[in-house]
Amino acid sequence: KFYAPWCGHCKKMAPMLDKVAPYMKGKMSIGKIDCTTNKKICARYDVRSYPTLKVFRDGDMFEYPGERKADAIITFGEKMSGNAVITVGSYIDAFGPKLAESNVDGVAFIAYDPEAIGANSEDKLQSTTLLQVFNQIARKQQAYASFGFIDSLTEVESGLGKRSFIAKIEKDVPPIFYDDEINSPSFNDFVTKNNRALVTSLSGRNFRSVSQSGPLVIGVINPDDTFTTENFLFNMKEFALNGPSELKSKYAPCSMDGIKWARFLEQFDIGGENLPEVFVLDSKKRLFYQNSSVSDLIGFLEGVENGTISPQQQAPSQSSSPIEQLKYLFTSNMPWSLLGIFAIILLFYAIFSLDDGSMDKATEEYYNAMDIKADANKEESKTKNACDVKDKDELKKEK
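Throughout the sequence shown, residue numbering follows the working numbering, covering 759 to 1157 in sequence.
Written out as C-alpha cells, the structure reads:
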C-alpha cells in the first residue's frame, strides 16, 4: 500500500489490511510505504493518488485489479498463490465455476494440444511449445485473466478439432481462436486485447482494471426496465461484433447499472429518468464525452472522433493530490479561472509599472515623516530628562 498520513481513505483501509494479513500468511505478504517520506520510491512506481495498491511478483509490478475489500483481497491472494492454469475435463467444463464463471467478466482462455494428452500430469504444461507459452503467459497475466487446459481426447472425437489450439471463450459468444505465431509476446498481446466480455458489465471488482485499459464507451442502464435494457444491450453487442473496426478497436463497449452507480454518474450529469444513456470515459486522461441528444451509438462515437462532441474534465477523486484537485478546479471553471489569472497579472503590472518619480516621492515623504517623528521623539526625550533632573534637585532640597 502506497499511502500518505493525511489521507482519510488510507486511514480507513489500514485496519482492513491488518485483518487480511493473517489469512495471507505463506501466500502473499502485505506491506506499506509512506509516500511523504519515500518520495523517490513512489515516483519510481508512478504513484499518483492515495492509497494505491500494487502487486510485486517475479520482478514485475502491476496495479491491484480487484475490489478494496477484505474478502476480495483474500480471494486474490489465494488465486495468485495457486496454479495459473486450471485443468478441466472438457470444453463445456471450461464455462463452469472452475474457470470462466470464476472470472469477473465470465471469460477464459483455454488451450488444447493432443500431443500432451499422454504425458505425465506434472509435465503436460511443459510437454509442447504451445503449452509452454500458454503456461508462461498464464502466470504473467494470472491477476487479470483465467486460463484452462483441456485434458481430454474426447474433445477431438466430439468435433472440436483434431489439432492444437488456444481460444478465448465466453458464454453465448463465438470463441476467438489465437492464430498468430506461438511465442510469448504475441500471445500476451492476444490476452490483453481479448480479456473482457463482448460488452463488459462494470462493477467494483473490475472497474479499475478495465478503465485503465483505454477509452470506454459505457451504456448506462436501468436494470428494472428489462425490455428497454435487453434491446439496448443487444445493440451494444451488435456494435461490438459488427461495428466499424476503427471504432470498436478503440472504444471498449461496457454497461453500467445506473441505479447502483447513481452517485458516481452525477459528475457526468447522467441518471434519473433518461436511462439508458451512453458516454465515453477516458480514465487515463480524466476526460469524458457526453451528449444526450445523440441517440445513435456509432454517430456518437464519430462525433467524439471528429471533434463535434467536445471533451469535459472528470472530477478528481478525494484521494487525489491537492495539485490534481487545483488543476481540475482551474480547467473546469474556465474562462472564469483565466479571468482570475488575468486580474492577478494586472495587479502585479500596476504595482511594478508605477512612475519612478511617484515612487521616489512616496518613498521620500515616508522617510521625511519618519524623520519628523524621530525628531519629535528626541525633543520629548530631552524634556523628560530635564524634568527628571529638576525632580531630583527638588528632592535633595526637601531632604
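Glycine residues also receive a C-beta, built at the ideal position from the N, C-alpha and C atoms.
- The way I'd put it, the segment 850–863 doesn't touch the segment 802–809; fewer than three beta-carbon pairs between them come closer than 8 Å.
- Approximately 4 Å separates the beta-carbon atoms of S967 and P823; this is inside 8 Å, confirming the contact.
- For the pair of segments examined, the segment 880–894 was found not to touch the segment 970–990: the number of CB pairs separated by less than 8 Å stays below three.
- The beta-bridge partner set that DSSP reports for M1014 consists of V978.
- F997: member of the alpha helix (DSSP H) spanning T984 to N1000, first to last residue.
- Inter-segment contact for the segment 1017–1027 and the segment 985–994 is absent: fewer than three beta-carbon pairs are separated by less than 8 Å.
- Closest in alpha carbon position to D816, among Y761, K790, A828 and I895, is I895.
- In terms of CA proximity to V813, Q899 leads the group Q899, M771, K798 and G847.
- As a beta-bridge residue in DSSP terms, E821 pairs with K812.
- In this structure, K790 and Y761 form a Cβ contact; the two beta carbons are roughly 6 Å apart against a cut-off of 8 Å.
- For G906, the enclosing beta strand (DSSP E) covers residues F905 to I908.
- In the three-state reduction of the DSSP assignment, Q899 falls in the coil class.
- Contact check between the segment 818–834 and the segment 928–935: fewer than three CB pairs, one atom from each, fall below 8 Å, which does not count as touching.
- Its chain contains I844, L857, A858, S860, N861, V865, A866 and F867 as the residues whose beta carbon lies nearer than 8 Å to that of S904, once the 5 sequence neighbours on both sides are disregarded; these appear in chain order.
- Annotated three-state conformation of E1004 is helix, per DSSP.
- Per the C-alpha coordinates, the member of S959, N1032 and Q1025 positioned closest to K995 is S959.
- In the structure shown, Q1025 falls within a helical segment according to DSSP collapsed to helix, strand and coil.
- For E836, same chain residues with a beta-carbon under 8 Å away, outside a window of 5 residues either side, are K785 in chain order.
- The beta carbon of V949 sits closer than 7 Å to the beta carbons of F867, I895, Q899 and A903 from its chain, once the five residues preceding and following it are set aside; these are given in chain order.
- Membership of F834 in the alpha helix (DSSP H) is indicated by the continuous run A828 to S839.
- Counting only the Cα atoms, A877 lies some 43 Å from S1013.
- For Q884, the three-state secondary structure derived from DSSP is helix.
- Judged by DSSP in its simplified three-state form, L857 adopts coil rather than helix or strand.
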